[in-house]
Structures are given as structure tokens and as C-alpha cells.
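A quick write-up on the structure given underneath.
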Amino acid sequence: MSESRSNRKTLTALVVSRTGDKSIKVNFQYTVPHPVYGKEVKRRTVLHAHDEKNECKPGDRVEIMETRPLSKMKRWRVIRVVEAAKIAAPGID
0 MSESRSNRKT
10 LTALVVSRTG
20 DKSIKVNFQY
30 TVPHPVYGKE
40 VKRRTVLHAH
50 DEKNECKPGD
60 RVEIMETRPL
70 SKMKRWRVIR
80 VVEAAKIAAP
90 GID
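In C-alpha cells:
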């Protein structure tokens with residue numbers, strides 16, 4: 000059982016909002032080289048994740064792991080809170 004879990008992706012992302020009971024929206028930011036110019040360009044992906052304990056707040060940095068489909072949008076679940084938000088970021092609600 001643990002062998003199959005080792006193949007799942009894990010990411011560290013920033014919590015953007017709480018979308019409902021036991022649900023959060025996270026922003027995963029990464030860089031890719033521009034196809035023509037080669038400069039590193041920032042990209043982001045918004046992912047929906049399952050927060051079983053309702054412990055995440057906007058501004059937290061969390062580690063999430065790929066999982067089976069839990070709903071229409073949720074394919075990730077929270078493993079742990081890496082860094083708690085010091086203050087809620089403005090504009091993140």
C-alpha cells in the first residue's frame with residue numbers, strides 16, 4: 000500500500016481561500032523558460048484541495064499530495080501546514 004503512495008506527487012503551495020467546509024484553494028507558482036527568448040517566466044496553477052481538519056487559513060503555506068478524485072474539482076489533499084500565516088494577506092479572502 001505504501002509503495003503506491005510513494006509515486007504520488009507532492010507540492011508546496013500557498014492557501015488563497017477557504018472554499019467551503021474541509022475545502023481550500025491553493026496557488027502553486029513555478030517557473031518555465033520562455034519558448035523563444037529563454038527567460039524564466041512565472042506561471043501559476045490554482046488547485047482545489049481537501050483539508051480534513053479545517054486547519055488551513057488564507058496565507059498559510061501547505062504541503063499537498065495527489066489523491067483520488069474527492070469531488071468535481073478536488074484531486075489533492077493537505078498533508079501538513081509548512082508555515083502558518085503571520086497575518087492574513089490583503090486581497091486574499
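Residue numbers (our numbering): 0 to 92. For glycine and all other residues, C-beta sits at the position ideal for the given N, C-alpha and C. In this text the structure is predicted, and so the values were computed from the model without any measurement.
Identify, in the order they occur along the chain, each residue of the same chain with its Cβ nearer than 8 Å to the Cβ of residue i, setting aside the five sequence neighbours on each side.
i	result
residue 75	10, 25, 46, 47, 48, 49, 63, 64, 65 and 66
residue 30	39, 40, 41 and 42
When the Cα atoms are used, what is the spatial distance from residue i to residue j?
i	j	result
residue 51	residue 28	23 Å
residue 60	residue 73	18 Å
residue 14	residue 58	5 Å
residue 19	residue 41	28 Å
residue 78	residue 85	20 Å
residue 53	residue 37	41 Å
residue 7	residue 80	18 Å
residue 68	residue 5	18 Å
Taking residue i as the reference, which of the options has the closest Cα?
i	options	result
residue 23	71, 55 and 68	55
residue 70	57, 21 and 5	21
residue 82	6, 7 and 12	12
Leaving out the 5 sequence neighbours to the left and right, which residues in its chain are closer than 7 Å to residue i when beta-carbon positions are compared?
i	result
residue 43	26, 27 and 28
residue 33	40
In chain order, what residues of the same chain have a beta carbon less than 6 Å from the beta carbon of residue i, not counting five sequence neighbours either side?
i	result
residue 17	23
Report yes if the C-beta of residue i is less than 7 Å from at least one heavy atom of the ligand ZN; otherwise report no.
i	result
residue 67	Among the components of this structure there are no ligands whatsoever, and the ligand ZN is therefore not found.
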